[in-house]
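Undergrad: Supplied in structure tokens, the structure appears directly below.
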Amino acid sequence: MYIPYTDIKYYEKFHAYAEKTLAVVNELVDKESFFISHTDDQHFSILAALHTSEENFQLTANNRFPLDYSICQYLYRDGYSSLTFHDTMDASMTSELPAVQQLNVGCYIGVPIKLENGAVFGTLCAIGRNPGEAASQDVQHLDYFAGILAEMIQYEYDAIHDSSTHLYNEAFVYRCFDHEVQHAASFLNVYYIDIDNFKYVNEAMGFYVAEQLLRHTADRLKSVLAPDSIVARIGGDELLVVTSETSSSQDAEALAERMKILFETPFEIQNYEINVTPSIGVTEYPRLGDYVETLVKQGKLAMEAAKKDGKNTISYYARQMQSDSARNALVANDLPKALIEEQFELYFQPLYSSSGETVTALEALIRWNHPAVGLVSPGEFLPLAEEMGFMPKIDEWVLREACRCGKEFQETYNRNLRISVNLSTHFFTQSQFASRVFEALDATGLPYESLQIEITERHMLKNLEETKQLLTFLQTSGIGVALDDFGKGYSSLNYLRELPIQTLKLDASLIPDSLERSADVEFVHNIIKIAHLYQLKVVAEGIETSEQQQMLSTLGCNGLQGFWLARPASVDELKRRILTAS
Numbered sequence: 001m002y003i004p005y006t007d008i009k010y011y012e013k014f015h016a017y018a019e020k021t022l023a024v025v026n027e028l029v030d031k032e033s034f035f036i037s038h039t040d041d042q043h044f045s046i047l048a049a050l051h052t053s054e055e056n057f058q059l060t061a062n063n064r065f066p067l068d069y070s071i072c073q074y075l076y077r078d079g080y081s082s083l084t085f086h087d088t089m090d091a092s093m094t095s096e097l098p099a100v101q102q103l104n105v106g107c108y109i110g111v112p113i114k115l116e117n118g119a120v121f122g123t124l125c126a127i128g129r130n131p132g133e134a135a136s137q138d139v140q141h142l143d144y145f146a147g148i149l150a151e152m153i154q155y156e157y158d159a160i161h162d163s164s165t166h167l168y169n170e171a172f173v174y175r176c177f178d179h180e181v182q183h184a185a186s187f188l189n190v191y192y193i194d195i196d197n198f199k200y201v202n203e204a205m206g207f208y209v210a211e212q213l214l215r216h217t218a219d220r221l222k223s224v225l226a227p228d229s230i231v232a233r234i235g236g237d238e239l240l241v242v243t244s245e246t247s248s249s250q251d252a253e254a255l256a257e258r259m260k261i262l263f264e265t266p267f268e269i270q271n272y273e274i275n276v277t278p279s280i281g282v283t284e285y286p287r288l289g290d291y292v293e294t295l296v297k298q299g300k301l302a303m304e305a306a307k308k309d310g311k312n313t314i315s316y317y318a319r320q321m322q323s324d325s326a327r328n329a330l331v332a333n334d335l336p337k338a339l340i341e342e343q344f345e346l347y348f349q350p351l352y353s354s355s356g357e358t359v360t361a362l363e364a365l366i367r368w369n370h371p372a373v374g375l376v377s378p379g380e381f382l383p384l385a386e387e388m389g390f391m392p393k394i395d396e397w398v399l400r401e402a403c404r405c406g407k408e409f410q411e412t413y414n415r416n417l418r419i420s421v422n423l424s425t426h427f428f429t430q431s432q433f434a435s436r437v438f439e440a441l442d443a444t445g446l447p448y449e450s451l452q453i454e455i456t457e458r459h460m461l462k463n464l465e466e467t468k469q470l471l472t473f474l475q476t477s478g479i480g481v482a483l484d485d486f487g488k489g490y491s492s493l494n495y496l497r498e499l500p501i502q503t504l505k506l507d508a509s510l511i512p513d514s515l516e517r518s519a520d521v522e523f524v525h526n527i528i529k530i531a532h533l534y535q536l537k538v539v540a541e542g543i544e545t546s547e548q549q550q551m552l553s554t555l556g557c558n559g560l561q562g563f564w565l566a567r568p569a570s571v572d573e574l575k576r577r578i579l580t581a582s
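Heads up, the sequence shown is in the UniProt record's numbering, so the first residue is 1 and it goes up one at a time.
Next comes the structure, spelled out in structure tokens:
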């Protein structure tokens with residue numbers, strides 16, 4: 001652990017404590033001057049000093065000297081536990097030093113201030129103008145108080161650093177920002193950076209790798225920033241950059257683009273090659289805010305807007321985001337009572353045969369009819385539900401309601417329509433998951449073979465073997481399993497071979513716009529052929545044009561889904577317009 005000299009001005013309690021320490025040392029050690037220093041490879045810096053005589057030694061707080069100017073260099077560089085010189089002019093180690101010659105240092109007693117990791121922060125010293133003996137207890141006194149100072153310094157360090165990555169934390173940002181503004185910074189930019197899909201890295205590769213990813217990210221960011229810029233961790237996967245190197249909004253945009261480009265090269269950590277992207281929110285002082293609290297909130301709102309725009313993008317704060325934030329707060333506050341007051345509703349999006357003429361299945365999609373704000377999309381409230389721990393309850397409601405509707409559709413239209421349900425990892429990984437599924441089927445009367453559970457790669461990150469066992473158990477009970485969003489994130493073709501699934505759903509991002517993109521078409525065709533080798537049915541999602549429909553049908557897809565064929569519809573609309581027609 002290394003503490004730069006520039007950080008010490010942010011140590012709120014240290015300076016007063018240092019002065020009190022010197023006052024106590026003065027009562028115990030019979031010398032004329034006392035000081036506490038910070039040392040590094042280049043400099044020796046006075047942090048606090050006390051002189052008992054009117055003649056001072058030019059050693060005052062905030063004075064800095066070259067390291068080799070002082071006797072303290074030996075405590076820092078050579079590992080001495082203490083040094084005592086009764087006559088500095090007569091000792092070969094000290095007689096030629098500038099501090100001894102120019103400041104008339106006659107005698108010296110010094111000890112290092114060592115941090116808990118063994119690093120030397122600086123020194124605690126007592127000096128006299130004339131040669132003189134040291135009392136037998138002097139070194140012990142200094143060493144005792146150096147230990148207490150080290151504890152105080154460690155406390156101050158911990159207060160402004162993240163404990164895992166040792167990056168600066170949010171408290172440091174607040175202290176530093178106030179200092180920068182007070183010292184006439186006329187323009188500051190704040191960049192709020194969220195690492196997309198960081199949670200997947202944490203789950204798949206472990207906590208240590210995820211924390212190292214943050215450190216490596218910070219190091220890359222520093223490579224394009226001015227030396228006095230701040231990079232701090234302010235959340236699990238969130239970094240904050242504060243810099244004064246930009247002087248206009250155009251400069252700020254250019255710097256944000258340079259930051260984004262840094263993520264194009266994979267991170268190599270512990271034999272992992274990790275590909276992640278950033279969502280970056282940008283705001284600026286003083287045009288958009290005068291206070292650090294305001295700017296951090298603005299940066300976060302802009303970052304959240306970037307994530308909503310599809311991630312891996314940059315968003316600039318706009319005043320409208322404040323009202324959006326107020327809406328989010330209202331939604332979060334009302335979410336717990338939405339189930340109780342029956343505000344949720346299921347919509348269904350049809351899956352069609354390869355010809356696009358026959359509805360073969362219905363995918364259940366939740367919607368929230370909020371009494372005050374109207375229809376709330378799942379993309380808006382499901383992340384909040386996940387954060388608040390409500391997902392298992394919502395999933396259980398979705399499962400039971402989907403089964404109930406499915407049974408009603410079968411009886412009304414005398415058709416064996418399959419109902420497809422997406423369930424969260426929180427619900428899927430519960431020990432009672434299978435029994436909850438069976439209870440929903442038994443309670444509604446929907447045949448087991450009429451239900452399909454859609455899973456994504458997230459469901460398998462924690463324990464692939466347990467996932468395989470659970471899916472096998474569902475399959476033997478007659479329940480279908482589909483691998484959803486294939487081609488999004490870290491999808492592996494090994495899943496097609498290893499997992500007991502019946503259906504592969506190709507993510508919309510894989511689907512080419514047209515036949516002219518021949519390489520993309522061939523890539524998708526190969527995936528379809530491999531899936532068919534393992535006796536899997538293939539459904540293409542995100543069909544938005546007739547050309548895509550014809551192309552995917554020709555390539556061998558067994559099923560099609562997308563807005564071109566049918567948008568998600570309420571139960572009433574589904575009955576009136578889609579099921580009757582098909």
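Think of the CB as a built atom: it goes at the ideal place given N, C-alpha and C, for glycine as much as any other residue. Keep in mind the model is a prediction, meaning the values are calculated, not measured.
Are three or more beta carbon pairs between the stretch 1-12 and the stretch 109-123 nearer than 8 Å?
TA: The answer is yes - the stretch 109-123 touches the stretch 1-12, with three or more Cβ pairs under 8 Å.
Undergrad: Using the Cα positions of I148 and I160, report the straight-line distance between them to the nearest angstrom.
TA: Residue 148 sits at position 148 when you count from the first residue of the sequence shown. Residue 160 sits at position 160 when you count from the first residue of the sequence shown. Approximately 19 Å between the Cα atoms of the pair.
Undergrad: Got a sec? Which residues, its chain only, sit under 6 Å from G445 by beta carbon, not counting five neighbours each side?
TA: The residue labelled residue 445 in the question sits at position 445 within the sequence shown. Contacts found: K407.
Undergrad: Roughly how many whole angstroms lie between the Cα atoms of S229 and D78?
TA: Indexing the sequence shown from 1 puts residue 229 at position 229. Indexing the sequence shown from 1 puts residue 78 at position 78. Approximately 32 Å, taken between the alpha carbons.
Undergrad: Using three-state DSSP, classify K442 as helix, strand or coil.
TA: Taking the first residue of the sequence shown as 1, we reach residue 442 at position 442. It is worth fixing the name first, because residue 442 is Asp in this sequence and not Lys. Helix at D442.
Undergrad: Secondary structure at W397, three-state DSSP: helix, strand or coil?
TA: Translated into the one-based positions of the sequence shown, residue 397 becomes position 397. The answer is helix: DSSP assigns W397 an H, G or I state.
Undergrad: Start and end of the beta strand (DSSP E) containing N422?
TA: Residue numbering aside, residue 422 sits at position 422 when the sequence shown is read from its first letter. Counting along the chain, the beta strand (DSSP E) containing N422 begins and ends at 418-422.
Undergrad: Between L240 and A232, which are expected to be in contact by the criterion C-beta below 8 Å, what is the C-beta distance as a whole number of angstroms?
TA: Against the sequence shown, residue 240 aligns to sequence position 240. Against the sequence shown, residue 232 aligns to sequence position 232. That pair is a contact at about 5 Å.
Undergrad: Taking only three categories from DSSP, how would you classify G480?
TA: Here the question's residue 480 lines up with position 480 in the sequence shown. Strand at G480.
Undergrad: Looking at L255: is its Cβ nearer than 7 Å to the Cβ of T265?
TA: Here residue 255 refers to the residue found at position 255 of the sequence shown. Here residue 265 refers to the residue found at position 265 of the sequence shown. In this structure, T265 does not lie closer than 7 Å to L255 by Cβ.
Undergrad: Suppose contacts are defined by Cβ-Cβ distances below 7 Å. Is I511 in contact with A531 by that definition?
TA: Here residue 511 is taken as the residue at index 511 of the sequence shown, counted from 1. Here residue 531 is taken as the residue at index 531 of the sequence shown, counted from 1. In this structure, A531 does not lie closer than 7 Å to I511 by Cβ.
Undergrad: Checking contacts by CB at 7 Å: is F563 closer than that to chain B?
TA: Considering every chain present, this structure includes no chain B. It has just one protein chain.
Undergrad: For the beta strand (DSSP E) containing S33, name the first residue and the last one.
TA: Taking the sequence shown and counting its residues from 1, one reaches residue 33 at position 33. Per DSSP, S33 belongs to the beta strand (DSSP E) from 33-39.
Undergrad: Check N63 in the structure and name its three-state DSSP category.
TA: The sequence position of residue 63 within the sequence shown is 63, counting from 1. In the structure shown, N63 sits in coil (DSSP, three-state: anything other than H, G, I, E or B).
Undergrad: By DSSP, does P378 sit in helix, in strand, or in coil?
TA: For the purposes of this step, residue 378 is taken as the residue at position 378 of the sequence shown. Helix at P378.
Undergrad: Whole angstroms are fine: how far does the CA of A372 sit from the CA of D290?
TA: The sequence position of residue 290 within the sequence shown is 290, counting from 1. The sequence position of residue 372 within the sequence shown is 372, counting from 1. Distance between the alpha carbons of D290 and A372 is about 33 Å.
Undergrad: Is it right to say K505 is buried, meaning 16 or more other beta carbons lie within 10 angstroms of its own, or is it exposed?
TA: Walking along the sequence shown from the start, residue 505 turns up at place 505. With 16 or more other Cβ atoms within 10 Å, it is buried.
Undergrad: Mind checking who C125 pairs with in its DSSP beta bridge?
TA: In the sequence shown, counting from the first residue as 1, residue 125 sits at position 125. Paired residues: F35, G110.
Undergrad: Any idea if P350 is buried or exposed, counting beta-carbon neighbours within 10 angstroms, 16 or more meaning buried?
TA: Position 350 of the sequence shown, counting from 1, holds the residue named residue 350. Label assigned to P350: buried.
Undergrad: Can you tell me the Cα-Cα spacing of A184 and I543, whole angstroms?
TA: Counting from one through the sequence shown, the residue named residue 184 turns up at place 184. Counting from one through the sequence shown, the residue named residue 543 turns up at place 543. Note that A184 scores a pLDDT of 49, beneath 50, so its modelled location is shaky; the value from the coordinates is reported in the next line. Approximately 56 Å between the Cα atoms of the pair.
Undergrad: Which residues mark the beginning and the end of the alpha helix (DSSP H) in which H15 is found?
TA: On the sequence shown, residue 15 is found 15 positions in, with the first residue counted as 1. Unbroken alpha helix (DSSP H) run through H15: 14-28.
Undergrad: What is the DSSP secondary structure of D162, reduced to helix, strand or coil?
TA: Counting from 1 along the sequence shown, the entry for residue 162 is found at position 162. Looking at D162 - three-state DSSP - the assignment turns out to be coil, as it is neither helix nor strand.
Undergrad: Using only CA atoms, which one of E465, S420, Q430, Y157 lies nearest to Y448?
TA: As a first step, residue 448 is located in the sequence shown; it is residue number 448 there, counting from the start. The shortest C-alpha separation from Y448 is found at S420.
Undergrad: Put Q502 into one of helix, strand or coil per three-state DSSP.
TA: To locate residue 502, count along the sequence shown from 1; it is residue 502. Reduced to three states, the DSSP call for Q502 is coil.
Undergrad: Pull up the distance between the alpha-carbon of F523 and that of F172, whole angstroms please.
TA: Counting from one through the sequence shown, the residue named residue 523 turns up at place 523. Counting from one through the sequence shown, the residue named residue 172 turns up at place 172. Spanning the two alpha carbons is a distance of roughly 49 Å.
Undergrad: Can you give the Cα-Cα distance for M93 and Q140, rounded to whole angstroms?
TA: In the sequence shown, the residue the question calls residue 93 occupies position 93. In the sequence shown, the residue the question calls residue 140 occupies position 140. If I take the Cα positions, the gap works out to 22 Å.
Undergrad: Which term fits V24, buried or exposed, when burial requires 16 or more other beta carbons within 10 angstroms of its beta carbon?
TA: The sequence position of residue 24 within the sequence shown is 24, counting from 1. Looking at its Cβ environment, which holds fewer than 16 other Cβ atoms inside 10 Å, V24 is exposed.
Undergrad: Check the C-beta distance from K537 over to G559 and give it rounded, since I have them as a contact under 8 Å.
TA: Translated into the one-based positions of the sequence shown, residue 537 becomes position 537. Translated into the one-based positions of the sequence shown, residue 559 becomes position 559. With a Cβ gap of about 7 Å, K537 and G559 count as contacting.
Undergrad: Closer than 6 Å by C-beta to R404: which residues in its own chain qualify, once you throw out the five before and the five after it? Chain order, please.
TA: On the sequence shown, residue 404 is found 404 positions in, with the first residue counted as 1. Excluding sequence neighbours, R404 sits near T444.
Undergrad: Whole angstroms is fine: what's the gap from L97's alpha carbon to Y155's?
TA: Walking along the sequence shown from the start, residue 97 turns up at place 97. Walking along the sequence shown from the start, residue 155 turns up at place 155. Near 34 Å, if we compare the C-alpha coordinates of Y155 and L97.
Undergrad: Locate the alpha helix (DSSP H) running through E284, then write down its first and last residues.
TA: As a position in the sequence shown, residue 284 is number 284, starting the count at 1. Premise fails: E284 lies in the beta strand (DSSP E), 278-285, not in any alpha helix (DSSP H).
Undergrad: Are there 16 or more other CB atoms within 10 angstroms of the CB of L80, so buried, or fewer, so exposed?
TA: Along the sequence shown, read from residue 1 onward, the residue named residue 80 stands at position 80. First, the amino acid is wrong: residue 80 is Tyr here, not Leu. That one is exposed.
Undergrad: Does DSSP put E386 in a helix, a strand or coil?
TA: Your numbering for residue 386 matches position 386 in the sequence shown. The answer is helix: DSSP assigns E386 an H, G or I state.
Undergrad: If you measure between the beta carbons of T123 and S37, is that distance less than 7 Å?
TA: For the purposes of this step, residue 123 is taken as residue 123 along the sequence shown, with counting starting at 1. For the purposes of this step, residue 37 is taken as residue 37 along the sequence shown, with counting starting at 1. Closer than 7 Å, so yes.
Undergrad: Tell me where the beta strand (DSSP E) around N189 begins and ends.
TA: Your numbering for residue 189 matches position 189 in the sequence shown. Run containing N189: 188-195, per the beta strand (DSSP E) assignment.
Undergrad: Just confirm the distance between the C-beta atoms of Y534 and L496, as a whole number of angstroms; I'd bet it's less than 8 Å.
TA: Along the sequence shown, one-based indexing puts residue 534 at 534. Along the sequence shown, one-based indexing puts residue 496 at 496. Right, the Cβ-Cβ distance comes to about 5 Å (below 8 Å), so this counts as a contact.
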